[in-house]
Every structure is written in structure tokens, then in C-alpha cells.
């Protein structure tokens, strides 16, 4: 495994610059998330919680989305334009594979890189680990057209899980399976619906106890403050309410909701401000951050233009014990992909700025 933190301290020049020494302590996607959507506001100054540094390490990217590490410590970066890059930390990123349709998520599993793109999932194999794709296979090709599937994760039993969003805002699309989490094997077999009622389950992650969580973006059209975005604890067969209900079992008449049919839905474990544009989520299981952060979740908020006030453009922390949400880092364009490096740093892909940012806790 490469010493990722040390190799990225080499300063590079040019459009793919790898930058170090910028300790900037003060220095949505789904329907909200599109290459056509303008930023909510001009880029702000990056800020980070006390005791941490925030450092741009890769710049000049073309709308980066998903991030993933392989067992050798190499970083893979998906770009919305259709290219996946690879970087070993000693050189500028280079092209690994291309011609994807708006890739949004990457996941490394059993010696292969899985690329989630609009309409399908591809598996890229590099049998001799030389950083060159040997085989490229379409794993699933029946994802709904024009619906953005997002994060792909795997569990210890060999299942893969994928969040699939909705085409509609607050009413289901007739004849379309949407707004759910799908489970299948690594070869695409045994595919089934695992949980339903999620308008845009953009971020999926397992906590240290192998409990699955998903973020969810609320509907629009109910004003600045409703409905909240959500963090949900996912269980097999559960219904999380959309389009009938939002938040803590609040009926949505537009989606056919009432007190009776909302009473059996699963409530979120944490609520976020409406129109935050909640995206990725990762649970911290490294050792580089202080011990009190172990098991906590870090969640990306991309922001939205539906609110009259600035929201999102930040990373928040969810406490593992209380599920309380607190600010952690702010000043991003639109943070989308999150990943923990092999050495325990938090990496964030900023879609609008075209950068990868590293958050670290100096020794």
C-alpha cells in the first residue's frame, strides 16, 4: 500500500497540480445535481474545524464525482465528462478508462473497479495491477434511463448495494421502478429491491458495525424550510416514505400520503436543513483523526438554488452515538465524492471547483 499522505506532499506544476502546505483553517446533486445547474453562490473561503487542516491536493479536474482507492493505495477519480483517472500520488493523474455516460460513483471490490454511470454499471479489471485496464465488462444495464444511480457499496457477505433515484419530484412515475436501494451479487446476479421510499438515496455507506445508511434529498415546492433532507438507517424490506411521506412520517398529500399509510414507514435517524443537497456519506474507521471521531459519519452537502438563503456547500459530521449533526468544513463549490485514504485522511471531490481536497489532523 502506498504511503498516500507522504507521496502527495510532492509539489507538482501545471494544470494537474498537486499542492501542499495550504492549511486553510480559515483561509445536489440528484435533481439538484446536474452539470447544467449553476452554483448557488460564488466560491467561498474554505474553513475547517479546529485541529484539522484542509489542503487542495489535485486541481484542474473536469467536474469530479466519485472517488475510490484500490488495495495498492492508488486513487481513482470519476469525471462527469466520462473519464476515470488513476493517480499513485507521485505523478499527475492519468486516464484509466473513458467513454462513460456521466459516471457518478466508483467502488473497488474484489480486484475490480466498479463504475456507476447513467443507465448501467461497468466492472473494470486490472489483473496484473499495472494500472492498465485488462477487461471492461457491463455488469448491469437495466438501470432506469435519465435517473441517476449514485453510490455503490459492498458488505462482508459479498452483496453490492446501489441507490437509485427518482425521475419525479413528489409523485411516482407510472411504470417505473425508482427511489429505492438495489442489492445484487458482484457478477450482477440475484438482483432485488432491498429498500424503497427514498427520493434520491445518493450516499450509501456501512458503519463499523456493518449497518447500512443512506442519505436522501427531500422534494421541492414546499418553501425554504420543508421538507428536510435525511440520513436513514437502512433495513431489508423497509419503506422510507417517498412519495407519500417525508421527514418524521409527515404525510405529503401531493404524493398520496395520509396518517395511516405513513405510520408504517421508517423514520430517518437524522434530519438536515431543507434543500441542503445531501450527497455522499462515509463512516470514519481510520486512526489518523482523534479517537472521538471513530465511527462518526461525514456527509457532503452540495447546496441548492431552491432556497432563498445559502445552504450546503459543506461537510457535516454525524456523531456515532447521538446522531447529532454538527458543522465540520465549509466553503466548497459542491462537495460530491467522499473517501477515506489508506492513511486515514478524508478526501473530498469538489464538483464545481474541479479539485480534490484532503482533510487531515496533524500529529
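In my numbering, the protein residues as written are 59 to 421. Note that the Cβ used here is the ideal one computed from N, Cα and C, for glycine as well.
Contact under 8 angstroms by Cβ, residue i with residue j
i: residue 372; j: residue 335; result: no
i: residue 407; j: residue 125; result: yes
i: residue 196; j: residue 178; result: yes
i: residue 398; j: residue 358; result: no
i: residue 419; j: residue 158; result: no
i: residue 207; j: residue 191; result: no
i: residue 417; j: residue 404; result: yes
i: residue 143; j: residue 152; result: yes
i: residue 294; j: residue 263; result: no
i: residue 411; j: residue 391; result: yes
i: residue 285; j: residue 230; result: no
i: residue 209; j: residue 261; result: yes
i: residue 355; j: residue 324; result: no
i: residue 161; j: residue 395; result: no
i: residue 422; j: residue 107; result: Nothing can be reported for residue 422, as the shown portion of the chain is limited to 59 through 421.
i: residue 167; j: residue 226; result: no
i: residue 318; j: residue 383; result: no
Continuous alpha helix (DSSP H) stretch holding residue i: start and end
i: residue 317; result: 317 to 320
Under the three-state DSSP convention, the category residue i falls into
i: residue 122; result: strand
i: residue 108; result: coil
i: residue 408; result: strand
i: residue 375; result: strand
i: residue 418; result: strand
i: residue 402; result: coil
i: residue 350; result: helix
i: residue 311; result: helix
i: residue 224; result: coil
i: residue 356; result: strand
i: residue 338; result: strand
i: residue 114; result: strand
i: residue 84; result: Low local confidence applies: a pLDDT of 29 at residue 84 is under 50, so the model's placement there is unreliable, with the coordinate-based value given in what follows. Residue 84: coil per DSSP, three-state reduction.
i: residue 393; result: strand
i: residue 380; result: coil
i: residue 345; result: coil
i: residue 96; result: Caution applies to residue 96, whose pLDDT of 46 falls short of 50 and renders its modelled position unreliable; the value that the coordinates give is listed next. Three-state DSSP puts residue 96 in coil, outside helix and strand.
i: residue 91; result: Residue confidence is low: residue 91 scores 38 on pLDDT, short of 50, so the model does not pin down where it sits. No coordinate-derived value is stated.
i: residue 79; result: Note that residue 79 has pLDDT 29, beneath the 50 cutoff, so the model's placement of it is unreliable and the number below is only indicative. Residue 79 falls in the coil class under three-state DSSP.
Candidates the options, of which the one nearest residue i by Cα
i: residue 342; options: 377, 142, 173; result: 377
i: residue 137; options: 117, 148, 129, 128; result: 117
i: residue 332; options: 217, 401, 367, 237; result: 367
i: residue 220; options: 185, 273, 169; result: 273
i: residue 265; options: 330, 348, 392, 352; result: 352
i: residue 270; options: 315, 326, 244; result: 326
i: residue 275; options: 244, 337, 240, 316; result: 337
i: residue 185; options: 129, 114, 324, 218; result: 129
i: residue 150; options: 183, 173, 160, 115; result: 115
i: residue 140; options: 156, 131, 146; result: 156
i: residue 349; options: 292, 402, 251; result: 402
i: residue 282; options: 421, 307, 330; result: 330
i: residue 194; options: 183, 400, 279; result: 183
i: residue 246; options: 154, 216, 227; result: 216
i: residue 313; options: 288, 289, 279; result: 279
i: residue 120; options: 112, 113, 135; result: 135
i: residue 174; options: 308, 299, 200; result: 200
i: residue 181; options: 409, 189, 172, 257; result: 172
i: residue 127; options: 421, 400, 409; result: 400
i: residue 267; options: 189, 235, 379; result: 379
i: residue 234; options: 311, 113, 203; result: 203
Segment limits, beta strand (DSSP E) that includes residue i
i: residue 327; result: Taken as a continuous stretch (DSSP letters only), residue 327 belongs to no beta strand (DSSP E), as it is neither H nor E.
i: residue 368; result: Unbroken run through residue 368: none, as it is neither H nor E.
i: residue 212; result: 207 to 212
i: residue 386; result: 383 to 388
- Query: Quick one: complete beta strand (DSSP E) runs, 3+ long, within the segment 135 to 201?
  - Reply: The segment 135 to 201 contains these whole beta strand (DSSP E) runs: 142 to 145, 152 to 155, 163 to 167, 170 to 175, 178 to 183, 193 to 198.
- Item | Continuous beta strand (DSSP E) assignments of at least 3 residues falling wholly in the segment 227 to 313 | DSSP runs (the beta strand (DSSP E)) wholly in the segment 227 to 313: 238 to 243, 250 to 254, 262 to 264, 270 to 274, 287 to 291.
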